[in-house]
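Asks: I have a structure I would like to understand better, so I am pasting it below and will then ask my questions one at a time.
Numbering (this note's numbering), first residue to last: 42 to 376.
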């Protein structure tokens with residue numbers, strides 16, 4: 042197998058490294074604010090470990106791009122942070138945020154590893170998966186230690202193995218009688234509610250501090266949309282007599298001084314939307330009940346429209362950095 046490092050990066054390798062760079066640049070800005078405002082000395086080392094990981098990623102990607110003569114992304118820097126701003130979120134939010142960061146990293150790095158051909162790139166993603174695993178373990182252990190971990194609902198262990206025999210297993214769109222949720226459906230509903238709850242707290246905080254009125258309005262719209270989605274997804278759990286994960290609205294402080302630039306906050310929300318869309322797509326694919334599938338389809342459409350609004354706003358303000366793209370062969374041919 043040819044693993045020569047002189048082989049050019051593929052489109053998959055370039056796009057994933059570029060996306061990783063942008064995501065880590067956002068994470069560094071967020072984590073620096075967390076580091077400067079955290080009060081709990083048990084949480085601070087975890088923030089510093091997360092920051093160390095993201096800074097290591099930026100350094101490595103920069104090295105690769107320089108060797109490949111690929112432009113280094115502008116990303117987000119200290120210019121996007123107000124180091125004098127008071128805490129926008131409470132310490133418990135920091136802990137849940139890092140837990141979510143680790144989960145996203147495990148998914149993203151696993152996919153990037155599977156799409157990488159060059160041995161040096163695969164080795165990088167192997168290392169980053171180990172980092173994400175360690176970060177997830179540390180965050181989970183600390184959440185459990187502090188009594189802040191929200192466990193997924195418990196269900197009874199089946200007494201025997203059975204095969205599906207009735208068409209009612211799939212349910213219908215309008216009927217009121219549905220089979221109980223499958224364990225995997227419960228798992229995804231729970232995870233999507235948690236993601237929405239964290240996203241709601243994030244945009245709630247951003248809505249208080251954004252300088253632009255349009256950005257504030259966009260954040261308020263996102264807050265209300267997340268609340269709506271939590272209600273819709275939570276109803277499925279409620280109807281099965283299962284607990285709904287709590288929200289983290291109370292982890293947002295009353296600060297109106299922005300720690301971040303509007304450009305950074307809009308980019309972060311776009312990142313969160315992208316994760317939410319991917320999660321909804323995966324959930325739709327594994328769900329068997331037709332009413333659950335239909336709900337995910339509607340929610341994906343709504344969040345897609347919201348994402349489009351945000352993208353247009355970023356383009357209008359020249360805040361969106363151009364991702365790597367294929368050559369326009371018609372333009373090169375002058376046609």
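Cβ atoms here follow ideal geometry from the backbone N, Cα and C, with glycine treated the same way.
All of these numbers come straight from a predicted model, not from anything done at the bench.
(1) So what does DSSP say about residue 134, is it helix, strand or coil?
(2) Going by DSSP, what residues sit across from residue 106 in a beta bridge?
(3) With a threshold of 7 Å, establish whether the CB of residue 147 neighbours any heavy atom of the ligand SAM.
(4) How many whole angstroms separate the CB atoms of residue 52 and residue 72, which I take to be in contact at a CB cut-off of 8 Å?
(5) Could you give the residue range of the alpha helix (DSSP H) that holds residue 181?
(6) Would residue 185 be called buried (16 or more neighbouring beta carbons within 10 Å of its own) or exposed?
(7) Quick check on residue 42: does DSSP put it in helix, strand or coil?
(8) Use the C-beta contact count for residue 125: other C-beta atoms within 10 angstroms, 16 or more gives buried, fewer gives exposed.
(9) For a quick check, are the C-beta atoms of residue 147 and residue 170 less than 8 Å apart?
(10) Does DSSP classify residue 247 as helix, strand or coil?
(11) Taking 8 Å as the limit between beta carbons, can you name the residues of its chain near residue 375, skipping five residues before and five after?
(12) Would you kindly check if the distance between the Cβ of residue 312 and the Cβ of residue 183 is under 8 Å?
(13) Hey, would you say residue 173 sits closer than 8 Å to residue 150, going by beta carbons?
(14) In whole angstroms, what separates the C-alpha of residue 362 from that of residue 114?
(15) Classify residue 301 as helix, strand or coil using the three-state DSSP reduction.
(16) With C-beta atoms as the reference, is residue 68 less than 8 Å away from residue 136?
(17) Helix, strand or coil: how does DSSP classify residue 273 here?
(18) Just the C-alpha distance for residue 234 and residue 275, rounded to the nearest angstrom, thanks.
(19) Taking C-beta to C-beta, are residue 226 and residue 144 nearer than 8 Å?
(20) Round the Cβ separation of residue 70 and residue 105 to the nearest angstrom and send it over; I've been treating them as touching at under 8 Å.
(21) My output table needs one value for residue 293: the three-state DSSP class, helix, strand or coil.
(22) Give me the residue from 263, 335, 299 with the minimum Cα distance to residue 317.
(23) When the Cα of residue 333 is compared with those of 229, 176, 48, which residue comes out closest?
(24) How is the alpha helix (DSSP H) around residue 287 delimited, first residue to last?
(25) Would you call the CB atoms of residue 117 and residue 308 closer than 8 Å?
(26) How many whole angstroms separate the CB atoms of residue 350 and residue 266, which I take to be in contact at a CB cut-off of 8 Å?
(27) Determine which residues share a DSSP beta bridge with residue 122 and list them.
(28) Relative to the C-alpha of residue 193, which candidate in 285, 76, 257, 131 has its C-alpha closest?
(29) Please list, in chain order, all residues of the same chain as residue 42 whose beta carbon is under 6 Å from its beta carbon, the five residues on each side excluded.
(30) Give the straight-line distance between the Cα atoms of residue 99 and residue 108, rounded to the nearest whole angstrom.
(31) Within a Cβ cutoff of 6 Å, which residues of the same chain sit near residue 328, ignoring the five residues on either side of it in sequence?
(32) Kindly provide the ranges of any alpha helix (DSSP H) runs that are 4 or more residues long and lie completely inside the stretch 319 to 374, ordered along the chain.
(33) Counting pairs of Cβ atoms below 8 Å between the stretch 245 to 264 and the stretch 288 to 304, do you hit three or more?
(34) For residue 59, I'd like the list of residues in its chain whose CB is within less than 7 Å of its CB, leaving aside the five on either flank, ordered along the chain.
(35) Measuring CA to CA, which of 49, 196, 367 is closest to residue 281?
(36) For residue 95, does the count of other Cβ atoms within 10 angstroms reach 16, so buried, or fall short, so exposed?
Replies: Looking at the coordinates:
(1) Helix.
(2) Per DSSP, none; premise fails for residue 106.
(3) In the structure shown, the ligand SAM is absent, as is every other ligand, since no ligand is present at all.
(4) 30 Å between Cβ atoms; not a contact.
(5) First-last of the alpha helix (DSSP H) with residue 181: 160 to 186.
(6) Exposed, by the Cβ-count rule.
(7) With a pLDDT of only 48 at residue 42, under the threshold of 50, the placement of this residue in the model should not be trusted; the figure read from the coordinates follows. Secondary structure at residue 42: coil, using DSSP grouped into helix, strand and coil.
(8) With fewer than 16 other Cβ atoms within 10 Å, it is exposed.
(9) Result yes, Cβ atoms of residue 147 and residue 170 sit closer than 8 Å.
(10) Residue 247 carries a helical assignment under DSSP once its states are collapsed to helix, strand and coil.
(11) Excluding sequence neighbours, residue 375 sits near nothing in its chain.
(12) Their beta carbons are not under 8 Å apart, which means residue 183 does not touch residue 312 by this criterion.
(13) Closer than 8 Å, so yes.
(14) Going by the C-alpha atoms only, they are around 8 Å apart.
(15) Three-state result, residue 301: strand.
(16) No.
(17) Helix.
(18) Per the coordinates, the alpha-carbon of residue 234 lies some 7 Å from the alpha-carbon of residue 275.
(19) Against a cut-off of 8 Å, the Cβ pair of residue 144 and residue 226 comes out as no contact.
(20) Rounded, the Cβ-Cβ distance is 22 Å, inconsistent with contact.
(21) Three-state DSSP puts residue 293 in a strand.
(22) Out of 263, 335, 299, 263 has the C-alpha closest to the C-alpha of residue 317.
(23) Looking from the CA of residue 333, the closest CA among 229, 176, 48 belongs to 229.
(24) From DSSP, residue 287 is part of no alpha helix (DSSP H); its letter is neither H nor E.
(25) Remark: C-beta atoms of residue 117 and residue 308 approach each other more closely than 8 Å.
(26) That pair is no contact at about 11 Å.
(27) In DSSP, residue 122 forms a bridge with 301.
(28) Comparing alpha-carbon positions, the option among 285, 76, 257, 131 lying closest to residue 193 turns out to be 285.
(29) Any reading at residue 42 must be qualified, since the residue scores a pLDDT of 48, below 50, and its modelled position is unreliable; no value is offered.
(30) If you take the alpha carbons of residue 99 and residue 108, they lie about 14 Å apart.
(31) A distance below 6 Å between beta-carbons, with the five flanking residues on each side excluded, links residue 328 to the following residues of its chain, in chain order: 226, 334.
(32) Complete alpha helix (DSSP H) runs here, min 4: 331 to 357, 370 to 374.
(33) Flag = yes, the stretch 245 to 264 and the stretch 288 to 304 touch.
(34) Hits under 7 Å: 114, 364, 365.
(35) The closest CA to that of residue 281, considering only 49, 196, 367, is found on 196.
(36) Label assigned to residue 95: buried.
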